[in-house]
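Numbering (this note's numbering), first residue to last: 9 to 605. Just so it is clear, CB atoms sit at the ideal spot from N, CA and C, and this is done for glycine as well. Notes for the one structure printed next.
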Ligand code: PEP
Ligand code: MG
């Protein structure tokens, strides 16, 4: 949606997913269907490293094509699969590599750009020749080029964001979490995308990196050109191109107001998340990178309720070793102690694809080989992580939980691996906490429906509403075209949360909630009323949520939950919870608070 607002100024509206205001010129990245690559200059010394990256991408592409070739041979026979021979030949073409080397020596640039330039020259040259065979070679070349570029860019067709030279607001079709993870935070001041939603992992990462972000701007990449001055409003979901002086002044005011509120909220740092009538909950933070511990400690959170350990795997091609993981978990545990560190075991899959992973693409990756399913199938991923977490448990208040549990047998299978790792550590005399709590995430409706049984096998439950909502409502959490159907207050979601919490309490364990719902001030009164014991939120949101909890009463929250459990309208439940929140803490709902309208 576009609306003119003053001479030359253009306001584009999308979905606000990470708060804050950024001002810079835009850098427009490749649209979904083209491969325009920004050019960045590098030093001569950097050329060998860039050429090595190219070699890596060529090898990965080769493996990928051979895997496809095998599949096609099995399904259709060797004759049909022979087209891939031609593609493999492209990868061995010395003229291509020599051309790139020459270009790099003439003008050292990022390898994506050099590769794309030279490959395009080849493709254009071949397509202009009137020979059918050579025209087909051009098509092969185009296909292979796209694959190599995709590998160079972290697997999803985006660019290398670690080599930007100037601050920018990044505008792109989409951003994969693996690309966001490698982004130079000093250069990317904000980002805006055509597609996406609040609970995509890219949005979650933007919040924890404190990068203002707006997604779901439809065709923003085709409306803008590099270098246009812009202002990104991550509170209200606006990208303003050519902002006028008046707009800049107004945003200056917003930033000032926000600063005042932050100062007020900062005073709560050492206070508990306790309601006016004395009900205390645990308020913890979510983290994804080792460096996030500083933000967690500064936020006043009572520890980490969700360490998305898979983020450690997203910004690199190889796997972090047991030692590397141990060092990270241990350091985080030591720094957070006596507060808790809950490490979630690997949740790769879905929208979190590891660069260089050779897993075949899945038609429906959120229903595929993801999280605990992947770990149970691939012990070489799982065991080093379990050992690292166990070892770190000797150095702080470490707990562990499994993602995407859908059946009790997964808990049992995981327990067996844990038992084996424990025994190995015992044998080797390596210390660990024999009594470390192990919990399960409730993200799949089947887990919520059988939470009673589940609760007898674990020490705690943590509700992952980002997934629970998508699986309960059959609404892809990444798809902005159906974002209006992704309703956290849908009566079925409320029932699933209630069932889970009640089952946990009936079995004497606690139930937390670590999905994005927990950090949404409008929903917190409802979650409190549903008797959730812990809320785990992005660390920049901790102080807001604490401020709100301290202004609510359990009496009101319970009345609200009772209303919600008897109501069949998601909108009415949302409105009622919103009303309670706004009444209790109006300051949180000024213009600078990202809300869903
Ligand atoms: C969730 O699903 O709510 C959750 C916390 O896990 P993730 O967002 O990483 O899938
Ligand atoms: Mg999840």
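- The nearest non-hydrogen atom of ligand 1 is 8 Å or more from the C-beta of residue 541.
- For residue 279, the closest alpha carbon among the candidates 555, 464, 492 is that of 555.
- Annotated three-state conformation of residue 521 is strand, per DSSP.
- Residue 479 places its beta carbon 9 Å or farther from that of residue 509.
- By the beta-carbon neighbour count (other beta carbons within 10 angstroms, threshold 16), residue 492 is exposed.
- Only residues of its own chain outside the window of five on either side were considered, and among them 289, 290, 518, 519, 520 have a CB closer than 7 Å to the CB of residue 541, listed in chain order.
- Between residue 182 and residue 201, the CB-CB gap stays under 9 Å.
- The alpha helix (DSSP H) runs of length 4 or more contained entirely in the segment 352-408 are, from start to end of the chain, 380-385, 387-400.
- Boundaries of the alpha helix (DSSP H) harbouring residue 550: 550-557, taken from the DSSP string.
- At a threshold of 8 Å, residue 522 counts as near ligand 1, since its beta carbon sits closer than that to one of the ligand's heavy atoms.
- Under the three-state reduction of DSSP, residue 479 is assigned to helix.
- In the DSSP assignment, residue 241 falls within the beta strand (DSSP E) that extends over 237-241.
- Taking C-alpha positions only, residue 213 is separated from residue 328 by approximately 20 Å.
- A residue is called buried when at least 16 other Cβ atoms come within 10 angstroms of its Cβ; residue 594 does not meet this threshold and is exposed.
- Non-local beta-carbon contacts of residue 216 in its own chain, meaning distances under 8 Å to residues more than five positions away in sequence, involve 294, 295, 296, 297, 300, 303, 546, 547, 548 in chain order.
- Residue 323 carries a coil assignment under DSSP once its states are collapsed to helix, strand and coil.
- Note on residue 361: 16 or more other CB atoms within 10 angstroms of its CB, so buried under the neighbour-count rule.
- Membership of residue 508 in any beta strand (DSSP E) is not indicated; the residue belongs instead to the alpha helix (DSSP H) covering 499-514.
- Contact between the segment 52-68 and the segment 111-130 is established, with three or more Cβ pairs separated by less than 8 Å.
- The shortest C-alpha to C-alpha distance from residue 218 to any of 25, 248, 331, 386 is the one to 25.
- The beta carbon of residue 320 sits closer than 6 Å to those of 328, all from its chain and outside the five residues before and after it, given in chain order.
- Pairing residue 372 with residue 589, the inter-Cα distance amounts to about 37 Å.
- Going by DSSP, residue 583 is part of the alpha helix (DSSP H) stretching over 578-592.
- Nearest in C-alpha terms to residue 552, of all of 266, 108, 249, 172, is 266.
- In this structure, the alpha-carbon of residue 63 lies about 15 Å from that of residue 126.
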